[in-house]
Amino acid sequence: MNAENDQNASTVYAQNYQNTRTVYAQNDQNTSTVYAQNVQNTSTVYAQNDQNTSTVNAQNDQHTNVVSNTLSKSHGPYDNDTKIIIIEDEDPKPGVKYRNDRGVVVSAGQIFVSDLDRKVVQVYGMKGKRLRKFPTVMPGENGTMKTMLPCDIAIDGQGHLWVPVLKSNKEGDDDAYVVQYRQDGRPVSKFAFQTSGGYPHIDFDIRTNKIIMVNGSQILMFHPNGTLCRTLENERDPLRFQYATSDKNGNILATEISQSTVQVYDSLGQWLFKFGGYDSGEGWLNLPRGIRVDSAGHILVADEGNRRVANFTSQGEFLRNAAEVTAKPWNFAIGPEKQLVVTSSSDNTITIIPDY
Numbered sequence: 001m002n003a004e005n006d007q008n009a010s011t012v013y014a015q016n017y018q019n020t021r022t023v024y025a026q027n028d029q030n031t032s033t034v035y036a037q038n039v040q041n042t043s044t045v046y047a048q049n050d051q052n053t054s055t056v057n058a059q060n061d062q063h064t065n066v067v068s069n070t071l072s073k074s075h076g077p078y079d080n081d082t083k084i085i086i087i088e089d090e091d092p093k094p095g096v097k098y099r100n101d102r103g104v105v106v107s108a109g110q111i112f113v114s115d116l117d118r119k120v121v122q123v124y125g126m127k128g129k130r131l132r133k134f135p136t137v138m139p140g141e142n143g144t145m146k147t148m149l150p151c152d153i154a155i156d157g158q159g160h161l162w163v164p165v166l167k168s169n170k171e172g173d174d175d176a177y178v179v180q181y182r183q184d185g186r187p188v189s190k191f192a193f194q195t196s197g198g199y200p201h202i203d204f205d206i207r208t209n210k211i212i213m214v215n216g217s218q219i220l221m222f223h224p225n226g227t228l229c230r231t232l233e234n235e236r237d238p239l240r241f242q243y244a245t246s247d248k249n250g251n252i253l254a255t256e257i258s259q260s261t262v263q264v265y266d267s268l269g270q271w272l273f274k275f276g277g278y279d280s281g282e283g284w285l286n287l288p289r290g291i292r293v294d295s296a297g298h299i300l301v302a303d304e305g306n307r308r309v310a311n312f313t314s315q316g317e318f319l320r321n322a323a324e325v326t327a328k329p330w331n332f333a334i335g336p337e338k339q340l341v342v343t344s345s346s347d348n349t350i351t352i353i354p355d356y
């Protein structure tokens, strides 16, 4: 798609920058997000040997099936004999499954998946074997531990995991935090934030050392100590943001489902362009969810309604479908050897594609 001259492709639209508001936490008194004064909850550091936080090994866990499939080109954009791995879930408790808004990251040959309903982070090897799991606990007062609902997961440059957690999924419950964990499940620090409804989603910008969070119609940026840097919000026409990430230039890219587009902002929050739009053809999107930027600067988007992961240039021009999956893709991570690890919203599976 060419954003300059193609009227049928919704790659770039003219829009007044005034519709997008950049709110700085230092001087804007109108922001609706309330944070604890002096960020007292932010720098709380917990003992790394806390006996109340346990990492549960899964050596005897019989509730995960690993299915290896060989796909040909007729099944998607793969070479002949491409072997993919599908991690299926079999839970003995009726009605308790993965939630379709779970997060996934890859680090050092391990896959970390936030499992909201079970209140744990599941850890797998790159061949699908479950290695362990740990509960998403948060130290409270008097040494107590609270088990929280993990809504998503991100990873920083030191390999620490960052998980936005909620006390419950009841409407109006604003007991929400971002908790930093070691990879063995030990909580390291936390900070509080106020939710605007729905499940928050998170990414970590390693280049700027900032947390990017989607919180309803807002995109929030935090320092790791919980200090709010910036809020992006379109007040005139609120968007239903889903996930957000950043590129090598510091631009913020966010999926939203009211128009099925990707919205792109510069590092100061000024709106640049959007691409996608509701349709099923190449370059169009139908309920975009997870979004990542790969090492080549290409933008990958989980296109749930069209059952694919689409690949675009940094300017939003369609390149190809990086993956086509039978189940509806919700989120995904990119491995160090160009693996795609895709989570599904329809059948609660995790699909590992060796090279997209």
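Heads up: the sequence shown at position 77 corresponds to 77 in the UniProt record's numbering, and the numbers run straight through without jumps. Ideal placement from N, C-alpha and C gives every residue a C-beta, glycine not left out. Just so you know, these numbers come straight off a predicted model, no measurement behind them.
*Applying the criterion that 16 or more other CB atoms from any shown protein chain within 10 Å of the CB defines a buried residue, is Asn-209 buried or exposed?*
exposed
*Sub-8 Å separation of Leu-161 and Asp-175 beta-carbons*: no
*Pair within 8 Å by beta-carbon distance, Gly-103 and Phe-134*: no
_Can you look up Glu-141 in the DSSP assignment and give me helix, strand or coil?_
helix
_Ile-352 and Val-113 closer than 8 Å at C-beta_ = no
*What is the DSSP secondary structure of Asn-209, reduced to helix, strand or coil?*
coil
*Proximity to Met-145 [Cα-Cα], best of Val-123, Val-179, Asp-156*: Val-179
*asked:* So, does the region 324-331 touch the region 291-309, judging by three or more C-beta pairs under 8 Å?
replied: yes
*DSSP state of Glu-324 mapped onto helix, strand, coil*: strand
*Return the chain-ordered list of same chain residues with a C-beta closer than 7 Å to the C-beta of Lys-127, the five sequence neighbours on each side being excluded.*
Ile-85
_Buried versus exposed, by CB contacts within 10 Å (16 or more), Lys-190_ = buried
*Near Val-214, which residues of its chain fall below 7 Å by C-beta distance, leaving aside the five closest residues on each side in sequence?*
Pro-200, His-201, Phe-241, Gln-242, Tyr-243, Ala-244, Ala-254
*Going along the chain, which residues of its own chain have a beta-carbon closer than 7 Å to the beta-carbon of Asp-347, five neighbours each way excluded?*
Ala-327
*Using a threshold of 8 Å, state whether the C-beta atoms of Trp-271 and Tyr-265 are closer than that.*
yes
*For the beta strand (DSSP E) that Ile-219 lies in, which residues bound it at each end?*
218-222
*Where does Gly-283 land, buried or exposed, given buried means 16+ other C-beta within 10 angstroms?*
buried
*Going by DSSP, name the residue or residues bridged to Ile-299.*
Val-293, Phe-312
_Test item: CB-CB of Gly-276 and Leu-285 under 8 Å_ = yes
*Output the distance between the C-alpha atoms of Leu-149 and Val-163, rounded to the nearest integer angstrom.*
9 Å
*Do you know how far the Cα of Val-262 is from the Cα of Lys-274?*
5 Å
*Go ahead and label Thr-147 buried or exposed: buried means 16 or more other beta carbons lie within 10 angstroms of its beta carbon, across all protein chains shown.*
exposed
*Just confirm the distance between the C-beta atoms of Ile-211 and Leu-232, as a whole number of angstroms; I'd bet it's less than 8 Å.*
Not a contact, Cβ separation roughly 14 Å.
*Cβ-Cβ separation, Tyr-124 to Ile-87 (assumed contact under 8 Å), whole Å*: 6 Å
*Helix or strand or just coil, what does DSSP make of Ala-333?*
strand
_Is Ala-323 close to chain D? Criterion is C-beta to C-beta, closer than 8 Å._
No chain D appears in the structure shown, which is made up of a single protein chain.
*Pull up the distance between the alpha-carbon of Pro-187 and that of Thr-136, whole angstroms please.*
8 Å
*Are the Cβ atoms of Val-106 and Asp-115 separated by less than 8 Å?*
no
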